[in-house]
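So the structure is just underneath, and the comments pick up after that.
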Amino acid sequence: MHSELQHSVHAGENAGIGFPRLYDLLVFMLTHGREASYREALLDLADPRPGQRLLDIGSGTGTQAMAAWRRVQPGGAVVGVDISENMLAVAARKARQARMDIPFHRADAAELPFRDADFDIVTVTTVLHMLPPARRQLCLGEIRRVLRSGGLALLVDYAGATGARAHMSARHGPHGRFDLDTMREGLVREGFTNIRSGALDWLSLHYLSARKA
């Protein structure tokens with residue numbers, strides 16, 4: 093999301109993004125109307141399977157959680173978390189209208205309200221750059237805690253030298269100041285293994301994936 097527009101949709105510190113319709117419009121514009129393909133590409137990295145439980149941190153208006161829900165059926169479950177009440181209200185309405193049983197919770201990414209070892213997959217999409225640096229490691233610790241042994245953590249955000257980022261949204265504001273690659277050490281510190289990384293074909297985003305030992 094372009095930094096100036098991102099600033100305009102922030103409701104304040106620790107409140108998240110406050111204007112869901114504007115957010116959805118921005119995603120539509122930035123993906124050139126191909127948000128569904130963008131979401132599926134992200135989920136391909138996590139490869140959710142029927143019967144699995146997936147936690148989507150920073151679920152926004154619920155589009156990715158809903159795409160994940162389709163993949164984990166039959167028998168699976170998806171739970172969404174966001175800090176913005178406005179975003180959660182839209183996400184819950186979307187899920188109801190689509191007749192998908194997806195609970196959405198208001199929670200800080202660094203203080204998840206779930207039991208230990210409750211999920212097979214945790215996805216964190218363009219969230220870490222919005223967290224204060226001191227809370228990013230706490231977030232990784234919470235991800236490790238709620239994952240089952242062998243579970244997958246998928247982090248998607250901006251990475252690499254700012255000047256080398258092709259997409260405008262990756263070069264400005266909090267996006268341009270954040271480098272996902274710096275989180276690799278944090279994953280190691282939390283005991284994650286099989287750490288993989290790479291670039292996506294969307295918005296100059298990158299990913300880190302890792303398994304809980």
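Mind the numbering: the sequence shown is residues 93 to 305 in this note's numbering, read in order.
Ideal Cβ positions, reconstructed from N, Cα and C, are used throughout, including at glycine.
Remember, predicted model here, so these are calculated numbers, not experimental data.
Annotated three-state conformation of S176 is coil, per DSSP.
By the Cβ-count criterion, V280 is exposed, with fewer than 16 other Cβ atoms from all chains shown falling within 10 Å of its own Cβ.
Less than 9 Å divides the Cβ of T217 from the Cβ of I149. Of the residues assessed, T274 falls on the exposed side of the cut-off, its CB having fewer than 16 other CB atoms within 10 angstroms. The three-state secondary structure of D193, taken from DSSP, is coil.
Assigned with DSSP and collapsed to three states, H298 falls in strand.
Per DSSP, S129 is one residue of the alpha helix (DSSP H) stretching across E127 to A138. If you look at L272, you'll find it isn't in any beta strand (DSSP E); DSSP assigns it neither H nor E.
When the alpha-carbon of P195 is set against those of A187, A202 and A201, the nearest one is in A187.
In the structure shown, the three-state DSSP call for F111 is coil. Segment contact: the segment 228-242 against the segment 200-209, three or more CB-CB distances shorter than 8 Å; contact assigned. In its chain, beyond the 5 residues on either side, R303 and A305 have a beta carbon closer than 6 Å to the beta carbon of T285.
Of L146, E277 and G152, the smallest CA-CA separation from A209 is found for L146.
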